Amino acid sequence: MNHQEVYSPIKHDQRSAVVCSIIVAILWGLTNPLIKKGAHGMDTIVAQTIVSKFFKQILFLVKRWQYLLPFLLNQCGSILYVSNLGNSDLSLIVPVTNGLTFAFTAITGWISKEEKLPKNVYTGMFLIFFGSVLCCLEKFTIV
Numbered sequence: 000m001n002h003q004e005v006y007s008p009i010k011h012d013q014r015s016a017v018v019c020s021i022i023v024a025i026l027w028g029l030t031n032p033l034i035k036k037g038a039h040g041m042d043t044i045v046a047q048t049i050v051s052k053f054f055k056q057i058l059f060l061v062k063r064w065q066y067l068l069p070f071l072l073n074q075c076g077s078i079l080y081v082s083n084l085g086n087s088d089l090s091l092i093v094p095v096t097n098g099l100t101f102a103f104t105a106i107t108g109w110i111s112k113e114e115k116l117p118k119n120v121y122t123g124m125f126l127i128f129f130g131s132v133l134c135c136l137e138k139f140t141i142v
């Protein structure tokens with residue numbers, strides 16, 4: 000079987016792949032609540048047709064830096080994520096990134112006073128961090 004290398008501007012080993020995953024999780028986790036806040040008020044837009052409402056909503060979002068800046072940072076995280084997937088072990092990168100994204104989103108929502116965290120969320124975040132560490136240890140342990 001012929002192995003083709005996927006082009007990625009970032010060449011790295013598994014450790015740097017985990018670092019990239021953590022950076023992506025932070026970018027996504029920090030920006031998700033901010034995107035939600037930046038889009039506040041969009042549901043009040045009215046128009047005569049659904050098509051004109053769609054375009055008014057797009058214009059509303061593009062004009063608001065409170066939405067656009069977090070959205071662009073979020074997309075930078077997506078570019079880094081896709082680049083990271085090309086050179087990494089998917090069984091490590093995907094669960095670490097997605098799990099930590101949830102944890103960072105919950106923390107950011109709590110810090111920005113968007114929502115109060117129930118006690119079971121703290122347990123969930125601990126389990127996410129612990130599970131991410133276990134995934135990393137399993138991949139980095141040489142038997």
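The sequence shown lines up with residues 0 to 142 when you count with numbering that gives the first Met the number 0. Note that CB positions come from ideal geometry on N, CA and C, so glycine has one too. These numbers come from a predicted model, not from an experiment.
| Query | Result |
| --- | --- |
| Sequence-distant residues of its chain with Cβ nearer than 7 angstroms to Arg63 (five each side left out) | Gly37 |
| Rounded C-alpha distance that separates Thr30 from Thr96 | 14 angstroms |
| For Asn14, the three-state DSSP class (helix, strand or coil) | In the sequence under discussion, the amino acid at residue 14 is Arg, which differs from the Asn named in the question. Of the three classes helix, strand and coil, the one that applies to Arg14 here is helix, per DSSP. |
| Residue environment, Cys85, which counts as buried when at least 16 other CB atoms sit within 10 Å | The identity of residue 85 in the sequence shown is Gly, whereas the question assumes Cys. Label assigned to Gly85: exposed. |
| Three-state secondary structure assigned by DSSP to Lys35 | helix |
| Beta-carbon proximity list for Gln65, same chain, < 6 angstroms, skipping 5 on both sides | Gly37 |
| Contacts around Thr100, its chain only, beta-carbon distance under 6 angstroms, and the 5 residues preceding and following it disregarded | Ala24, Trp27 and Gly28 |
| Val17, buried or exposed, once every other Cβ within 10 Å from all chains shown has been counted against 16 | buried |
| The stretch 51-58 touching the stretch 114-132, judged by at least three CB pairs closer than 8 angstroms | no |
| Selection from Ala102, His39 and Gly98 that minimises the alpha carbon distance to Cys134 | Gly98 |
| Between the CA atoms of Leu67 and Ile155 - distance to the nearest angstrom | Limits of the chain in this structure are 0 at one end and 142 at the other, which puts residue 155 out of reach. |
| Spatial neighbours of Leu91 in its chain, beta-carbon cut-off 6 angstroms, leaving aside the 5 residues before and after | Cys134 and Lys138 |
| Distance, Pro32 Cα to Thr104 Cα | 7 angstroms |
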